[in-house]
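Here's the structure, in C-alpha cells; my notes come after.
Residue numbers (the working numbering): 871 to 1353.
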C-alpha cells in the first residue's frame, strides 16, 4: 500500500524540545497511516484499530506535554488554557466519532481526518511552539514573565506571517488529499476492471463478438475466429447473420426478434455452420447495449459450444431407454413406441400386431452354462429378431427372456402370421455357446389392433395372456388373443 501524507511533516513544526517533537512526529505518522488506509478503502475493523492507536497515543502525548509544562509554568494561565485545549480536543473527537450512528462511516472518518490535520497543525504552531519557547527561555535563566515576553516577540512579525501561511496551507489539506487519492484509486480500479474484462474477452473459450446496431461485427475474440474458421478480414465489417448461419433459421426468427426487442436479450440453441462446413450446436446469448439516450448502439453475442452436452444427453437418454445387454428399447421406451404405432395404424387405417414373446428352454441353458452364456444367447436372439423386423416395426426387451415385437402397417389382420413364422424359425436355429450347440424356442402371444381396441397397457396384457396359452399348447408356437 502506498502511503499518503495528509499532514506533511517539516522542520517548521519542531518546537526545540526533543521529546515533544518525537511524539508529534509519531502522531503525524499515525494520522497519515489512518488516511492511507482510508484512501485505499481498508476494512472498518482495520481503520478502527489504527484510530484507537492514534487516540491512545494522543492521550499519552498530552500527559507528557502537561508534565513538561507544569514543570516550567507551575499553574500559570497559559498552562491552564493549554490543558483546556487538550480536553476540547478529546470532546470534539468523541463527538465526531459518535456520528457513526447517523452518518456513513466514510463520511465520519473523513471529518475526523480533516479535524485532526487542522487541529494538530494549529495546536503545534500556535500553542506548543509558544509554550516550548517559554520553557527554553526559562532554561536559559529568564523568569517566567520575561520568558513569555521573549516568546511573544519571537512569534511576532515575519514568524507570525509564516505561521499563518502554513496554517492556511494545511487548512483543508486533508480533504483535498483524500479526494485526490480516492480519484486515483477509482481510476486504478477502473483500469484493473478493464484489464480483467479484456483478459476474459481474449482468453475465454466461448466465442464472443461485438456488433453495431445493424449487426455488423466490429470486434471478436480469438475463440470466435478459431471456432468459425474465419480470419479477421472475413469477420470485421461483415453482418453477423452471414457468419453464423443459425441466425437465419426461419423457425428461430419467429420469436427471436420479438424477444430481443422487448427484453433486450435473447438466449437459445442455434445450429451454426463453420467455414469448413461442419454443423455444430451452440448456446447463444445475445444482449443489446444502449447508449445514454436509451438507443441500442451495440449487440454482444456469446456463443457456447454445446455439441458435447447434446451428445452426452443423447447418450444418457439412450442408456435410460434402451436395454444395456441387447441395445433394444426397454420397458420404459416401449409405451412410447406402442403409442406411436397405434397412432400410425389409426392414421393409415392399417393393422398393428402386438406380440409378447417368451423363450422356451432358456433357464436350463442359463443354469448349465452360467449367466455369461445366458447373456450371449439373449444377444444372439435379439439380433435374429432384428433381421426379421422392418423399419416401422419395434423390438423391445422387457427383462429376462421376455420380448415384445410390434408389427405395424399390416393391410390385413392376419398378415402378422408370416412374420411370426419367421420368428419361430429364426429362434429355433442352433446357437454355439462355449463350443456347445444349444437350442431354444419361443412362445408367442399376439393381439391385433384395431380388432382389439384396448388401451396400450391392456394390449400388452392381452398379448401376454395369449403367450401363456401358447405355452400351454406345447410351446414353440404363437396364439392369437381372443376375448
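Glycine residues also receive a C-beta, built at the ideal position from the N, C-alpha and C atoms.
If you're wondering where the values come from, they're calculated on a predicted model, not measured in any experiment.
In the three-state reduction of the DSSP assignment, residue 1333 falls in the helix class.
Separation of the CB atoms of residue 1214 and residue 1203 is rounded to 16 Å, and the pair is thereby denied contact status at 8 Å.
About 5 Å separates the CB atoms of residue 1292 and residue 1258; that is less than 8 Å, so the two are in contact. Taking one beta carbon from each stretch, the region 1176 to 1188 and the region 1218 to 1238 have fewer than 3 pairs nearer than 8 Å; the two do not touch. Pairing residue 1145 with residue 1098 gives a Cβ-Cβ distance under 8 Å. If you check the CB distance, residue 932 and residue 956 come in under 8 Å. The continuous stretches of beta strand (DSSP E) do not include residue 1252, which lies in the alpha helix (DSSP H) extending over residues 1241 to 1256. Under DSSP, no beta-bridge partner is assigned to residue 1000. For residue 1108, there is no enclosing beta strand (DSSP E), as DSSP gives it neither H nor E. Looking at the DSSP output, residue 1272 sits in a beta bridge with 1228 and 1269. If the five residues before and after residue 1012 are omitted, its C-beta is found closer than 7 Å to the C-beta atoms of 1020, all from its own chain and listed in chain order. Nearest C-alpha to residue 1172 among 1296, 1147, 1072 and 877: 1072. In the structure shown, the three-state DSSP call for residue 1284 is coil. The Cβ neighbour count for residue 1142, taken over all protein chains shown within 10 Å, is at least 16; the residue is labelled buried.
Taking C-alpha positions only, residue 884 is separated from residue 1162 by approximately 55 Å.
Nearest C-alpha to residue 1130 among 924, 1160 and 879: 1160.
In the DSSP annotation of this structure, the continuous segment of the alpha helix (DSSP H) that includes residue 991 starts and ends at 975 to 992. The C-alpha of residue 966 lies about 10 Å from the C-alpha of residue 980. Residue state for residue 1348 is assigned as strand, using DSSP reduced to three classes. Residue burial is scored here from C-beta neighbours: residue 1273 has at least 16 other C-beta atoms within 10 angstroms and is therefore classed as buried. According to the DSSP assignment, residue 1168 belongs to the beta strand (DSSP E) that extends over 1166 to 1175. In this structure, the alpha-carbon of residue 1209 lies about 9 Å from that of residue 1325. Going by C-alpha positions, residue 1197 is about 12 Å away from residue 1251.
When only Cα atoms are considered, residue 1223 and residue 1112 end up about 51 Å apart. Note that the C-beta distance between residue 1322 and residue 1332 is below 8 Å. Here residue 1081 is bridged, per DSSP, to 1087 and 1169. Nearest to residue 878 by C-alpha distance, out of 890, 978, 895 and 889, is 895.
Apart from sequence neighbours up to five positions away, the residues of its chain that approach residue 1264 with a beta-carbon distance below 6 Å are 1207 and 1276, ordered along the chain.
Judged by beta-carbon spacing, residue 928 lies beyond the 8 Å limit of residue 983, meaning their Cβ atoms are not closer than that value.
Beta-bridge partners of residue 1153 (DSSP): 1139 and 1174.
Per the Cβ contact rule, the region 1295 to 1304 is not in contact with the region 1278 to 1287 (fewer than 3 Cβ pairs under 8 Å). Only residues of its own chain outside the window of five on either side were considered, and among them none has a CB closer than 8 Å to the CB of residue 1147.
Residue environment analysis places residue 1315 among the buried positions, since at least 16 neighbouring C-beta atoms fall within 10 angstroms of its C-beta. Per the C-alpha coordinates, the member of 911, 1347, 1290 and 1218 positioned closest to residue 1059 is 911.
CA-CA distance, residue 968 to residue 899, rounds to 24 Å. Take the alpha-carbon of residue 1155 and the one of residue 1135: they are about 7 Å apart.
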